[in-house]
Amino acid sequence: MIIIAILFILIAVLNIIYPAFGWYLRYGWMVKGDSEPSDAYLLMSRISGIIVLIVFLFVFLPML
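Right, dumping it as structure tokens:
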């Protein structure tokens with residue numbers, strides 16, 4: 001359970017610090033040529049990463 005928690009935290013932090021990485025894994029490989037994620041996508045990805053991390057810390061971390 002602790003390994004899953006650490007992995008979850010690492011993925012959330014990666015999404016906060018470098019949200020374009022998730023875009024490249026999900027959509028970037030499908031696009032030929034130069035294509036970048038929009039600023040709105042990057043912002044929403046960071047905000048969702050922060051929210052998920054906060055919820056995880058307050059809900060699941062006390063159970064460990």
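Residues 1 to 64 (UniProt numbering) make up the sequence shown, in order.
Don't be surprised by glycine CBs; every beta carbon is placed ideally from N, CA and C.
Rounding to the nearest angstrom, what Cα-Cα distance links leucine 14 and leucine 61 in this structure? Within the sequence shown, the letter at position 14 stands for residue 14. Within the sequence shown, the letter at position 61 stands for residue 61. Those two C-alpha atoms are separated by around 19 Å.
To the nearest angstrom, how far is it from the Cα of phenylalanine 8 to the Cα of serine 45? As a first step, residue 8 must be located in the sequence shown, where it is residue number 8. As a first step, residue 45 must be located in the sequence shown, where it is residue number 45. Approximately 15 Å, taken between the alpha carbons.
Cβ neighbour criterion (16 or more within 10 Å) applied to alanine 12: Counted from its first residue, the sequence shown places residue 12 at position 12. Per the 10 Å Cβ criterion, buried.
Cβ separation of isoleucine 16 and isoleucine 50, assumed to be a contact under 8 Å, to the nearest whole Å: Here residue 16 corresponds to residue number 16 of the sequence shown, with the count starting at 1. Here residue 50 corresponds to residue number 50 of the sequence shown, with the count starting at 1. The pair is a contact, with the Cβ atoms about 6 Å apart (cut-off 8 Å).
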